[in-house]
């Protein structure tokens, strides 16, 4: 039987897929912020109740959903680090 945390994680992934399919005027950024706020506690819950392996699986699933925000964050981080090095 699947734990409640994994059930919540699967529901989060389904919700993310549904929200991505709906049209948006702001390129889904408001929805992404909401999903991040909801997904963070679920991610911690999965790590605590189901262990590292399932936590990493859900982390990879979250990263695949947030690939554009992740790219923007990495670009911002690299710019900040290169400015600091100068």
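Numbering (my numbering), first residue to last: 29 to 114.
Idealized CB from N, CA, C, for every residue including glycine.
Which of helix, strand or coil does DSSP assign to residue i?
i: residue 79; result: coil
i: residue 35; result: helix
i: residue 94; result: coil
i: residue 51; result: coil
Out of the options, state which residue places its alpha-carbon closest to the alpha-carbon of residue i.
i: residue 33; options: 68, 64 and 45; result: 68
i: residue 65; options: 90, 104, 101 and 30; result: 90
i: residue 95; options: 110, 56, 73 and 114; result: 56
Closer than 6 Å by C-beta to residue i: which residues in its own chain qualify, once you throw out the five before and the five after it? Chain order, please.
i: residue 47; result: 59
i: residue 36; result: 70
Is residue i near the ligand SAM, in the sense that its beta carbon is under 7 Å from a heavy atom of that ligand?
i: residue 107; result: Among the components modelled here there is no ligand, and therefore nothing to report on the ligand SAM.
Once you ignore the five residues that flank residue i on each side, which residues in its own chain have a CB closer than 7 Å to its CB?
i: residue 87; result: 71
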